[in-house]
Every structure is written in structure tokens, then in C-alpha cells.
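Structure first, then comments.
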Amino acid sequence: MTSITSVELNFLVFRYMQESGFTHSAFAFGYEAGINKCPIDGNLVPPGALVTFVQKGLQYLEMEANLSNCDADLDEDFSFLQPVDLITKDMHELRKMINERRKKAQKDRNKESGKENGGERVRVREKERHEREKECEKDGAKVENRKEQESPENQINRQMVIDQEDIVTVNHEENAAFGGPEPMDISTTSTSQSCEFPSSDVTILEGHTSEVCAGAWSPKRSLLASGSGDSTARIWTIAEGRLKSGSQKGPLNVSVLKHVSGRTNESRNDVTSLDWNGDGTLLATGSCDGQARIWTTSGELRTTLTKHKGPIFSLKWNKKGDYLLTGSCDKTAIVWDVKAEEWKQQFEFHSGAMLDVDWRNNVSFATSSIDNMIYVCKIGENRPIKTFAGHQGEVNCVKWDPTGSLLASCSDDITAKIWSMKHDKYIHDFREHSKEIYTIRWSPTGPGTNNPNKKLVLASASFDSTIKLWDVELGKLVNSLNGHRDGVYSVAFSPNGEYLASGSADKSMHIWSLKEGKIVKTYTGSGNVFEVCWNKEGDKIAACFNNNVVSVLDFRM
Numbered sequence: 001m002t003s004i005t006s007v008e009l010n011f012l013v014f015r016y017m018q019e020s021g022f023t024h025s026a027f028a029f030g031y032e033a034g035i036n037k038c039p040i041d042g043n044l045v046p047p048g049a050l051v052t053f054v055q056k057g058l059q060y061l062e063m064e065a066n067l068s069n070c071d072a073d074l075d076e077d078f079s080f081l082q083p084v085d086l087i088t089k090d091m092h093e094l095r096k097m098i099n100e101r102r103k104k105a106q107k108d109r110n111k112e113s114g115k116e117n118g119g120e121r122v123r124v125r126e127k128e129r130h131e132r133e134k135e136c137e138k139d140g141a142k143v144e145n146r147k148e149q150e151s152p153e154n155q156i157n158r159q160m161v162i163d164q165e166d167i168v169t170v171n172h173e174e175n176a177a178f179g180g181p182e183p184m185d186i187s188t189t190s191t192s193q194s195c196e197f198p199s200s201d202v203t204i205l206e207g208h209t210s211e212v213c214a215g216a217w218s219p220k221r222s223l224l225a226s227g228s229g230d231s232t233a234r235i236w237t238i239a240e241g242r243l244k245s246g247s248q249k250g251p252l253n254v255s256v257l258k259h260v261s262g263r264t265n266e267s268r269n270d271v272t273s274l275d276w277n278g279d280g281t282l283l284a285t286g287s288c289d290g291q292a293r294i295w296t297t298s299g300e301l302r303t304t305l306t307k308h309k310g311p312i313f314s315l316k317w318n319k320k321g322d323y324l325l326t327g328s329c330d331k332t333a334i335v336w337d338v339k340a341e342e343w344k345q346q347f348e349f350h351s352g353a354m355l356d357v358d359w360r361n362n363v364s365f366a367t368s369s370i371d372n373m374i375y376v377c378k379i380g381e382n383r384p385i386k387t388f389a390g391h392q393g394e395v396n397c398v399k400w401d402p403t404g405s406l407l408a409s410c411s412d413d414i415t416a417k418i419w420s421m422k423h424d425k426y427i428h429d430f431r432e433h434s435k436e437i438y439t440i441r442w443s444p445t446g447p448g449t450n451n452p453n454k455k456l457v458l459a460s461a462s463f464d465s466t467i468k469l470w471d472v473e474l475g476k477l478v479n480s481l482n483g484h485r486d487g488v489y490s491v492a493f494s495p496n497g498e499y500l501a502s503g504s505a506d507k508s509m510h511i512w513s514l515k516e517g518k519i520v521k522t523y524t525g526s527g528n529v530f531e532v533c534w535n536k537e538g539d540k541i542a543a544c545f546n547n548n549v550v551s552v553l554d555f556r557m
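Here's what the structure looks like:
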């Protein structure tokens, strides 16, 4: 009998986490399980493989329990079992349950007919049973199809196998029963006529061979960087002005940045994060091999920075461009001196994997972790200059406001919080979401921005399928943007602060008018949208999908 190895099982669990959107958990598990050294070719493993494997196991147990009695009536007496029974009970208990059901069913049938001991009836039923057995042998598929149709559990699991995105959808529907608010029912048919991006305004960038999880426009030129699970980043040269044609799947001006660590047994090295420096001359990338790399705009590798002992989850240039900050699964943050091409200081304060980092100014920054803590650190200081404790779950994201005076954070504890360096405790605690908050962004408005006369707001995106806008000065909810049908992974404000782009696991990207609080443009792709970002002019948006493509959309109102 063939058995599954721990390596194969670990790979299936890793893929399930990725497909379900548990990005941080997948990275941590993949690192500890050594997935990057796994000999399995991920391209050969179909979506939903773990669910399929588990479902087949449950079906086998169900069949074994039912066929323990060779006289079982396959058509009428096949007894469907709940997954919880199959998992928690041994075979003896399962067979006992089925026998009791059959006895009860037989008793009911006998009672209805009133001929419990009729010899003729026994002979007739015996003949019918044999005929049914022959039919089942002739067409066993019918029995299997009937099982699939009759079992609600199997219906759900079948959907999960067919479409990996349905894993999240099923969980959403189940969790709605616990009192979470349902998203506003905005169907694509009602918005497609007036809001859908026409194909002439869409350019599809193809070339990646795995999900595209990171994207960023150059702050100076019409260059778009993308990072993927295929161990590459790419720099695409995008024509300025309006797109002249629709989807472009032919040769494009693109530089491929291969992330090779030199270990021949490494089958995958996801590019997890990327960031341009302030003048757009250098691109930094972080990857699962724990190395940060710096590239020129032409795709030439300039520097490889090695010290982390785990995957890099986040990296950022400071405004001056002389330091690069990285946060890793190894629980540390490192500030790198870019000119000297070496690490300047390593900060080891967290007790769990680091999820995000963000500069406050050119020498101090904030870090967040799965340990629920936030630390504000400064170059040259051996201890945090500020410690923010208050979250009760993993802190997924931290972002300083444009002036560096307020820090926003969001967490798996379903809250977003606002912190000030003048206080030890949070000054605002936002609790309007009903599920984990994945990311947050400040608007490019108010003091310290190019739009100083507009009010500063904070956007939070959650797995409850909503985006919420907050007035930080008053500490109140301004608007709830309800239009997505699944968790929201990414949000980005337009440079003028008038629009917000959002990307979701429902395969759609929406453009919202913040003044009107409604969708003005929408685009639907063929996979989860992991990241959305605007170019410097605000007339193009890039959306990164988990079906290996990047879509660039022309935006004009």
C-alpha cells in the first residue's frame, strides 16, 4: 500500500495555506518545514490538492464502514456519515452507527407495509436487491454521483476542490452565521455596463509562472516592478499616455530579475516584497531565502545583502535613500548601509516572525510581529525608543502618517489602532470590522503631503470584504465601502487623494470615489488580487493576480 511521506504532506499543507490566503502562516510554515528544499514540482500539483486528498480519505472511510456487511443494500441502505463522525470515531463505532440506522430503516419499511414476516415479500425484495446490485455494478458512477449530490458536506468540499478561491468563500458564508455583517450585494451585472474597464483600457502583462504577490511603480519613470512566487521580479516598461491597444500578450520591454541563491536543491524562492528608492534609480527586493537584493532599472543585480536566517516579509527604503530596512521571519529587523553594501545594525526585540516595517524618518522606524507587539527603533539605540502593546493578535501592518507623528496598526484581533509617540497607550481603537484586518493605508492628504488642504483619512481593508475610512482626528468611522464579495488584500489611494483602489479574493479590483463613496470603475480578472498600486500621475493602476499575470488599467474620469 502506498503511503504519503511527511515531505509530501507538508507541501500539501503549505499549498493549502497559500491558496486560502494565509500568506504569513504559509511563509512561516514553509520556512520551518524546508519547503524551498522540497523536490516536488509545485506546477504539477493541482489547486485544492489537500482538500481533495482529505475528501478522498473521508469517502474511503465512509465506503469501508458501509461495505462491512456484504449484504448491504447499496441503493437504499447506503448511509452517509458526517465528516465529524468519520474523523472522531473508529471503524467499529461507525459500523455500529450504520447497522443501527439500517435496522431502524428496515423496521420503518416493515411497519409501512404491514407484512413483516411475509415470505413472498422477502423473495420479491431479494430479487429486487439482486437487480439493483447488477445495476450498480453496471453503472457504479451513478451511485457515486448520487452520493455527491445528496451530501451537503460533499457539495461544499467539491466546490473547494474545483476552485481554490471557494475555500475562502465557504468560510465566509459559514462565519456569517456568527453575526458578522454581510457585504452589500453589489453584483457585477449592475456595475459592468457603466463601470467596467473596457478591454481597450487594459494591458495584461504575462511572463510570470506563479502568483504575483507584490507590485510597485517607480516614483520617477513609467516603470512597473512585480514580484512573484516563480523566484523572479520583473521590471516592465509601460508606455506613457493612453493605451493604444487592448490586452498585450506578445513581447514587451521587460527585465527579468532572477533570484538564485546558489543552492541547487532549492525549487522555489518567492519574491515577497519590493520597494523603489526615492529617485527611482534602484529597486530593492526581499525573498524567501532571507536575502535582500538591489537592482538597477535595467535589471542588473547591484548588491546582495545576506544576514537574515529566514524569509524577508517586508522591506523599505528610507526617504534619503542611504538606508534599507528589512523585517524577517527570523524575528529581527536589519538596517543596511546601501553605499557600504553591509548591515549597519540588527534589531532583535520581537519574539515572533516580523510582518511589517515602516520608516518614521530617515533614522527611526516601527516594526510589527506575530507576537502582537509594535516597537519603535532608532539607529544607534540598543533598545526600542517606544513599545506599543495593546493588540491581542498578530499585527499585520504598521504605517506612519505623512508627518511621522501618528502610527496606524492593524491586526488579526479585528482592530485597527492609532498610536502617538507622546502616549504609551493607543489613542484610538477602531472596532467596526467583523474579521481580521489585513492592511491599512494613509491618504496622501493633509499636512506633509501634496494635498495639504484635504483632510487626512485612514483606510483599513479586512477579510470581512469591506474597506473602512476613518477620521483620525475625531476617531470616528467616515464611510464603509461595501462592494467586494470576499476578503480585501490591498488598498491604494490615488496621488490626488480622490480615489481608492481595492483588490480582493473575489477576483475583482474596484476604484472608489471617496467623495461619493461608491464604485466608479471595476475590473474582474481570473484570480485573487494580491496587490493594487497607482503610477505617479494617477492615470494607471496595476493589479497583481494569483493566476500569474499583472493587469495595467488606464484610468480617466
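Numbering of the sequence shown is given in the UniProt record's numbering, commencing with residue 1 and proceeding in unit increments. Just so it is clear, CB atoms sit at the ideal spot from N, CA and C, and this is done for glycine as well. These numbers were taken from a predicted model, which means no experiment stands behind them.
Span separating the alpha-carbon of residue i from that of residue j
i           : j    : result
E240        : K455 : 30 Å
G404        : R360 : 5 Å
R383        : T522 : 47 Å
L305        : I370 : 24 Å
N546        : G227 : 11 Å
T439        : P402 : 17 Å
V398        : I437 : 12 Å
G517        : L481 : 7 Å
G538        : L223 : 14 Å
A543        : M509 : 7 Å
E498        : R234 : 29 Å
K331        : R101 : 55 Å
residue 569 : F347 : Because residue 569 is not part of the residues shown, which for the chain are 1 to 557, the question remains open.
N99         : E93  : 10 Å
D412        : Q18  : 17 Å
Y450        : N535 : The question names Tyr, but residue 450 is Asn in the sequence shown. So the two alpha carbons sit approximately 15 Å from each other.
G475        : S494 : 23 Å
N396        : A389 : 14 Å
K540        : D90  : 59 Å
V457        : I511 : 17 Å
H350        : H24  : 16 Å
C377        : Q345 : 11 Å
K104        : M97  : 11 Å
Local Cβ density within 10 Å of residue i, reported as buried at 16 or more and exposed below that
i    : result
D424 : exposed
A340 : exposed
N318 : buried
G207 : buried
I4   : exposed
R485 : buried
P447 : exposed
V472 : buried
V256 : exposed
Which residues DSSP lists as bridging residue i, in chain order
i    : result
T303 : I294
L205 : V550
S420 : L406
N479 : L469
M373 : Answer by DSSP bridge pairing: none, since M373 is not bridged.
F430 : A416
S273 : G286
F388 : I374
H510 : S502 and T522
K540 : D554
C533 : A542
M354 : S369
Y323 : D337
Cut-off 6 Å between Cβ atoms - residues of its own chain near residue i, not counting five sequence neighbours on either side
i    : result
G30  : F14
W400 : D358, R360 and L407
L12  : A49 and L50
Check whether residue i and residue j have beta carbons under 9 Å apart
i    : j    : result
S551 : I204 : yes
D506 : R242 : no
A461 : S443 : no
A292 : G299 : no
A214 : E531 : yes
G321 : G380 : no
I418 : S434 : no
S364 : L355 : no
N372 : E394 : yes
A33  : C533 : no
Proximal residues to residue i (C-beta, below 8 Å), its chain only, five neighbours per side dropped
i    : result
K258 : S231 and T232
N269 : N36, S231, H259, V260, S261, S287, C288 and D289
Y375 : F347, F349, H350, A366, T367, P384, K386, T387 and F388
Same chain, Cβ closer than 7 Å to residue i, five either side skipped, listed in chain order
i    : result
C195 : I519, V520, K521 and T522
S218 : W276 and G280
A28  : C329 and A353
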